[in-house]
Amino acid sequence: MSPKAKTTSAVGQRLPFLLSKLKAPRVLERLEQTATTAREEGWPYEQFLEVLLEAEVFARDASGARNRIRHAAFPAHKTLEDFDFAAQPAAEKPVIMHLAQLDFLAGRENIVLLGPPGTGKTLLAIALGIRACLAGHRVAFATAQQWIDRLETAQHRNALDDELKRLERYGLLVVDEIGHLPLERQAANLLFALVARRYERGSIIVTSNRGFEAWGEILGDQMVAAALIGRLVHHAHIVTLKGKSYRLKERGTASAPAVATQPAGLRPTT
Ligand code: ADP
Ligand code: MG
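As numbered in this note's numbering, the sequence shown has no gaps in its residue numbers, which increase by one up to the final residue, 260.
Here is the structure:
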């Protein structure tokens, strides 16, 4: 072995150590193969570095999105590809696809999804939330009742303001199912505090199976309802879904007439 060959074999010897220090495992994984290709094809140095770093950055972006989706606590994994637009013409595809471009987040605007149970409100809220996670936004999903519980707990610790401030770090909050249950006075005030605090600071997606005219009853106070709705819809996209529950419809077509004639009160609402 000539002295020259010996030095060549030492080239790159410290790379595994250096790359593990930099926490760039994908660069290390792809190093040998990429170096071989680069030598064979005579790549410029810049191209070699770019290909290696790209692999690392793509992998990091993907795991960042995965973490954000996990952290958001969606009740199910739904995407816009799962949404059957033909079954729900009230959700105009161009409108929904425009919302999915997420301009509303930049404008700190809200989305209000209204409509009867089972028409896809929660599905759309999840799908838009996942889009936001993929685009790098922090998202938190909970039902109205869960938000209220969370804020109540904070209030008992005398930390309501801290909690509301903490939530400002999220680009998007989803408040699912306003109106499934009438709220106590205190609960309604907490929900109002949440919406008021987000106003022009961050986006909210709200779903409800009751129209705004019923919110006074839900919140137990017309004034609180009017103030909450005013802030919510000042910069908002309102989508009103229509028709029968998608699941009942599906079962109905699967020749189960007994289910299709089930009284409205017994319909599943999730
Ligand atoms: P809502 O929140 O309006 O009560 P969901 O979003 O929970 O309704 O929808 C009820 C069920 O039906 C879910 O499993 C959902 O995935 C499905 N679903 C509703 N609408 C559609 C649709 N247009 N396309 C595909 N699945 C739908
Ligand atoms: Mg729902």
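Virtual Cβ for every residue (Gly too), placed ideally from N, Cα, C.
Predicted, not measured: the structure shown is a model, and the values here were computed from it.
Discussion item. Under 8 Å, with one C-beta from each stretch per pair, do the region 129 to 146 and the region 211 to 222 reach the 3-pair mark?
Written reply: no
**Study point:** Nearest-angstrom Cα separation, counted from residue 123 out to residue 187
**Key:** Within the sequence shown, numbered from 1, the residue matching residue 187 stands at position 197. Within the sequence shown, numbered from 1, the residue matching residue 123 stands at position 133. Rounded to whole angstroms, residue 187 to residue 123 spans 22 Å at the Cα level.
Query raised in the report: What are the residues that DSSP puts in a beta bridge with residue 194?
Result: By 1-based counting over the sequence shown, the position of residue 194 is 204. Residue 194 pairs with 163.
Margin query: Relative to the C-alpha of residue 63, which candidate in 117, 16, 49 has its C-alpha closest?
Written below: Your numbering for residue 63 matches position 73 in the sequence shown. Among 117, 16, 49, the Cα nearest to that of residue 63 belongs to 117.
- Could you tell me which residues DSSP puts in a beta bridge with residue 227? The residue you call residue 227 lines up with position 237 of the sequence shown. Residue 227 pairs with 101.
(message) Can you tell me whether residue 250 is helix, strand or coil according to DSSP?
(response) Position 260 of the sequence shown, counted from the start, is the residue given in the question as residue 250. In this prediction, residue 250 has a pLDDT of 41, which is less than 50 and means its spatial position is unreliable; what the coordinates show is noted afterwards. Helix.
Item to complete: Buried or exposed for residue 160, please, with buried defined as at least 16 other CB atoms from any protein chain shown within 10 angstroms of its CB.
Response: For the purposes of this step, residue 160 is taken as the residue at position 170 of the sequence shown. Buried is the call here.
Which residues does DSSP pair with residue 130 in a beta bridge? For the purposes of this step, residue 130 is taken as residue 140 along the sequence shown, with counting starting at 1. Residue 130 pairs with 163.
**Prompt:** Leaving out the 5 sequence neighbours to the left and right, which residues in its chain are closer than 7 Å to residue 53 when beta-carbon positions are compared?
**Reply:** Locating residue 53 in the sequence shown gives position 63, counting from the first residue. Here the set comprises nothing.
(Q) ligand 2 and residue 111: does any heavy atom of the ligand fall closer than 6 Å to the residue's C-beta? (A) By one-based count along the sequence shown, residue 111 stands at place 121. Because some heavy atom of ligand 2 lies under 6 Å away, the Cβ of residue 111 counts as near it: yes.
Notebook entry, point to check: By how many angstroms is the C-alpha of residue 146 removed from the C-alpha of residue 42?
Noted result: The residue given as residue 42 occupies position 52 in the sequence shown. The residue given as residue 146 occupies position 156 in the sequence shown. Each residue's Cα considered, the two are about 51 Å apart.
Practice item. Output yes or no for whether 7 Å exceeds the beta carbon distance between residue 200 and residue 169. Key: Taking the first residue of the sequence shown as 1, we reach residue 200 at position 210. Taking the first residue of the sequence shown as 1, we reach residue 169 at position 179. Yes.
Roughly how many whole angstroms lie between the Cα atoms of residue 59 and residue 157?
-> Position 69 of the sequence shown, counting from 1, holds the residue named residue 59. Position 167 of the sequence shown, counting from 1, holds the residue named residue 157. For residue 59 and residue 157, the distance between alpha carbons rounds to 16 Å.
Just the C-alpha distance for residue 76 and residue 166, rounded to the nearest angstrom, thanks. Counting from one through the sequence shown, the residue named residue 76 turns up at place 86. Counting from one through the sequence shown, the residue named residue 166 turns up at place 176. If you take the alpha carbons of residue 76 and residue 166, they lie about 24 Å apart.
Cβ-Cβ distance between residue 193 and residue 94 below 7 Å: Residue mapping note: residue 193 aligns to position 203 of the sequence shown, counting from 1. Residue mapping note: residue 94 aligns to position 104 of the sequence shown, counting from 1. In contact: residue 193 and residue 94 (Cβ atoms closer than 7 Å).
Segment contact flag, the region 4 to 18 with the region 44 to 53, C-beta cutoff 8 Å, min 3 pairs: yes
* Asked: Can you name, in chain order, every residue of its own chain whose Cβ lies under 7 Å from the Cβ of residue 217, other than the five neighbours on each side?
  -> Position 227 of the sequence shown, counted from the first residue, corresponds to residue 217. 182.
Exercise for review: Could you work out which residue in 108, 0, 119 is closest to residue 86 when comparing CA atoms only?
Suggested key: Working through the sequence shown from its first residue, we reach residue 86 at position 96. The option with the nearest alpha carbon to residue 86 is 119.
### Task
Taking only the alpha-carbon atoms, compute the straight-line gap between residue 215 and residue 209 and give it to the nearest angstrom.
Within the sequence shown, numbered from 1, the residue matching residue 215 stands at position 225. Within the sequence shown, numbered from 1, the residue matching residue 209 stands at position 219. So the alpha carbons of these two residues sit roughly 6 Å apart.
| said: For ligand 1, is there any heavy atom lying closer than 6 Å to the beta carbon of residue 107? | reply: On the sequence shown, position 117 is the one that residue 107 refers to. Yes, the beta carbon of residue 107 sits closer than 6 Å to at least one heavy atom of ligand 1.
- Message: I'd like to confirm something about residue 261: is its beta-carbon nearer than 6 Å to some heavy atom of ligand 1, or not?
- Response: Here the chain comprises residues numbered -9 to 260, so residue 261 is not present and cannot be evaluated.
Is there at least one non-hydrogen atom of ligand 1 closer than 6 Å to the beta-carbon of residue 204?
-> Your numbering for residue 204 matches position 214 in the sequence shown. Not so, every heavy atom of ligand 1 lies at least 6 Å from the Cβ.
Legend entry - Nearest candidate by alpha-carbon position, reference residue 101, set 80, 196, 3, 212: Looking up residue 101 in the sequence shown gives position 111. Measuring from the Cα of residue 101, the nearest candidate turns out to be 196.
For residue 125, which of 180, 55, 109, 33 has the nearest alpha-carbon? For this step, residue 125 is matched to residue 135 along the sequence shown. Looking at the Cα atoms, 55 is the closest of the given residues.
Quiz item: Count the other CB atoms within 10 Å of the CB of residue 247; is the residue buried (16 or more) or exposed (fewer)?
Solution: Taking the first residue of the sequence shown as position 1, residue 247 is located at position 257. With a pLDDT of only 44 at residue 247, under the threshold of 50, the placement of this residue in the model should not be trusted; the figure read from the coordinates follows. The residue in question, residue 247, is exposed, as its Cβ has fewer than 16 Cβ neighbours within 10 Å.
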